[in-house]
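Asks:
There are 2 protein chains.
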Amino acid sequence: MAREPRWLTPDERDAWLSLAGMLMKLPAALDAQLQRDAGMNTFEYFVLTGLSQAPGHTLRMTELAGFAGGSLSRLSHVVKRLERRGWVRRELCPGDGRSTNAVLTGAGWDTVVATAPGHVETVRRLVVDALTTAQVRQLRDIGRRVLDRIDPDDPSTA
Amino acid sequence: MAREPRWLTPDERDAWLSLAGMLMKLPAALDAQLQRDAGMNTFEYFVLTGLSQAPGHTLRMTELAGFAGGSLSRLSHVVKRLERRGWVRRELCPGDGRSTNAVLTGAGWDTVVATAPGHVETVRRLVVDALTTAQVRQLRDIGRRVLDRIDPDDPSTA
DNA sequence: CCGAATCACTTGAAGCTTCAACTAATGGCG
DNA sequence: CGCCATTAGTTGAAGCTTCAAGTGATTCGG
């Protein structure tokens with residue numbers, strides 16, 4: 000038998016609605032800027048950024064999927080699109096025949112360099128510059144706690 | 000000529016990555032619970048909840064779209080699905096021939112009543128119970144500031 | 001009171017994500 | 001060695017969202 004659920008208090012509901020609003024609107028706002036200025040979405044941007052930071056601009060598909068926070072299937076489809084646009088190239092992994100390496104091309108690197116400033120400006124405008132220094136730290140701690148609840152094993156939380 | 004962008008400081012980057020992590024993982028985690036336990040996604044849940052709170056369990060499509068935070072087109076498709084499942088019914092608006100009223104059916108109400116406790120428990124488990132009382136208030140304030148940046152005209156921000 | 005603009009939606013197509021099924025390579029173990 | 005489970009990735013279909021275009025109803029300006 001289900002117990003009476005513990006409903007949210009008014010303060011808790013306000014906080015949740017506030018977070019839920021961000022969950023609904025921030026991704027769309029970030030996507031809009033990237034789509035308009037660079038013809039890509041946030042996930043594609045994460046993929047390109049991940050590769051641009053990796054040694055040799057190369058990452059195995061599974062590692063890249065972990066970094067970008069998406070499924071391997073999703074990444075596979077996305078990399079196919081990025082490959083069609085000439086931003087990424089696939090290579091067989093020398094050591095392990097099962098693995099595929101995704102490699103950022105020169106054109107892909109140029110795209111990241113051209114796109115990053117606008118993206119950072121948007122993050123500043125919508126989030127960072129809206130907050131006080133104290134709130135920036137609070138947000139970091141809040142996010143860590145929530146992420147730890149979602150997936151305690153994720154090392155990026157620690 | 001583009002000025003050198005103002006890159007994020009380490010503190011700011013930590014906070015942003017923390018928020019970005021929530022943006023990537025929280026919706027999936029919430030959807031997973033709702034999908035598993037009630038065969039619906041978060042947006043559909045918001046739509047049903049919105050109707051359940053409205054007088055007469057009725058709302059015009061545009062109002063409902065505003066509440067649920069989606070486009071009218073998206074809502075139209077979703078209401079069609081919910082109608083097929085017998086949870087919502089469409090009616091012509093008496094006063095204005097352009098408008099459509101979405102009405103929660105009895106079965107829809109039963110579904111909301113059955114689904115709400117599990118959803119609230121999930122929100123508690125993943126967010127609210129992970130935070131201190133102070134953090135709950137901080138999150139509310141942070142969210143309000145961010146939402147105000149995204150859409151200063153949205154009254155739900157105030 | 002008539003035509004043009006606006007409003008409130010709906011629709012179909014295109015794009016993206018998820019899901020389940022599949023292929024191929026590798027590691028383990030008897 | 002040889003088989004089986006596991007790992008890594010791909011694929012196609014189905015589902016959801018977005019986008020652009022379209023349909024009526026209403027309002028507003030003259």
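Taken in sequence, the protein lines are chains A and B.
Note that numbering that gives the first Met the number 0 gives residue 10 to position 11 of the first sequence, counting from 1, and the numbers run on in steps of one.
Note that numbering that gives the first Met the number 0 gives residue 48 to position 49 of the second sequence, counting from 1, and the numbers run on in steps of one.
Don't be surprised by glycine CBs; every beta carbon is placed ideally from N, CA and C.
#1: Using a Cβ cut-off of 8 Å, pull out every chain A residue sitting near A129 of chain B, in sequence order please.
#2: Mind checking the region 1-20 of chain B against chain A and listing, in chain order, the residues whose C-beta falls within less than 7 Å of any C-beta there?
#3: Per DSSP, T48 of chain A forms a beta bridge with which residues?
#4: If the cut-off is 7 Å on Cβ atoms, which residues from the region 25-38 of chain A count as contacting chain B, listed in chain order?
#5: State yes or no: is the beta carbon of V111 of chain B nearer than 8 Å to at least one beta carbon in chain A?
#6: Between which two residues does the beta strand (DSSP E) holding V102 of chain A run?
#7: Pull the bridge partners of L91 of chain A from the DSSP assignment, please.
#8: Are the beta-carbon atoms of R89 of chain B and E82 of chain B separated by less than 8 Å?
#9: Quick one: grab the DSSP three-state call for R139 of chain B.
#10: What are the residues of the region 61-75 of chain A that lie near chain B, defined by any Cβ-Cβ distance shorter than 9 Å?
#11: Return the chain-ordered list of same chain residues with a C-beta closer than 8 Å to the C-beta of V122 of chain A, the five sequence neighbours on each side being excluded.
#12: What's the gap between the Cα of L18 of chain A and the Cα of G142 of chain B?
#13: Can you list the residues of chain A that L58 of chain B reaches, using a CB-CB cut of under 8 Å?
#14: Per DSSP, what kind of secondary structure is T110 of chain B in: helix, strand or coil?
#15: I need the straight-line Cα distance from G85 of chain B to V127 of chain B, nearest angstrom please.
#16: Please tell me whether D52 of chain B has its Cβ less than 8 Å away from any Cβ of chain A.
#17: Taking the alpha-carbon positions, what's the V158 of chain A to E43 of chain A distance?
#18: Quick check on R144 of chain A: does DSSP put it in helix, strand or coil?
#19: What does a CB cutoff of less than 6 Å around S98 of chain A pick up in its chain, not counting 5 residues either side in sequence?
#20: With a Cβ-Cβ cutoff of 8 Å, do A113 of chain B and L138 of chain A count as a contact?
#21: Does the Cβ of Q32 of chain B have 16 or more other Cβ atoms within 10 Å, making it buried, or fewer, making it exposed?
#22: Does DSSP put T121 of chain B in a helix, in a strand, or in coil?
#23: Does the CB of V46 of chain B have a neighbour CB from chain A at under 8 Å?
#24: Could you list which residues in chain B have their beta carbon closer than 8 Å to that of V119 of chain A, in chain order?
#25: Output yes or no for whether 8 Å exceeds the beta carbon distance between L63 of chain A and A101 of chain A.
#26: Heavy atom of the ligand PLP less than 7 Å from the Cβ of V78 of chain A, yes or no?
#27: Measuring CA to CA, which of B:F45, B:P26, B:V135 is closest to P9 of chain A?
#28: Taking only beta-carbon atoms, is R84 of chain B less than 8 Å away from chain A?
#29: Go ahead and pull the three-state DSSP assignment for L25 of chain B.
#30: Tell whether a beta-carbon distance below 8 Å holds between A67 of chain A and G49 of chain A.
#31: How many angstroms separate the CA atom of F45 of chain A from the CA atom of R5 of chain A?
#32: Which residues of chain B have a Cβ atom closer than 8 Å to the Cβ of V122 of chain A, listed in chain order?
#33: Note the first and the last residue of the continuous beta strand (DSSP E) segment covering R162 of chain A.
Replies: Reading from the atomic positions:
#1: R144, V145, D147, R148
#2: A1, P4, R5, W6, L7, D10, E11, D13, A14, W15, S17, L18, G20
#3: Paired residue(s): none; T48 of chain A is not in a bridge.
#4: L25, P26, A28
#5: no
#6: 99-103
#7: A:T99
#8: yes
#9: helix
#10: A67, G68, G69
#11: L29
#12: 6 Å
#13: Residues of chain A passing the Cβ test: none, with the nearest at roughly 18 Å.
#14: helix
#15: 33 Å
#16: Rather than Asp, the amino acid found at residue 52 of chain B in this sequence is Gln. Not an interface residue.
#17: Residue 158 of chain A cannot be examined here, being either before or after the span of chain A that is shown, 0 to 157.
#18: helix
#19: R59, C92
#20: no
#21: buried
#22: Under the three-state reduction of DSSP, T121 of chain B is assigned to helix.
#23: no
#24: The answer, in chain order, is P4, R5, W6, L7.
#25: yes
#26: This structure does not include the ligand PLP; it has no bound ligands of any sort.
#27: B:V135
#28: no
#29: helix
#30: yes
#31: 38 Å
#32: L7, W15
#33: Lying outside 0 to 157, the shown extent of chain A, residue 162 of chain A is not represented and no answer is given.
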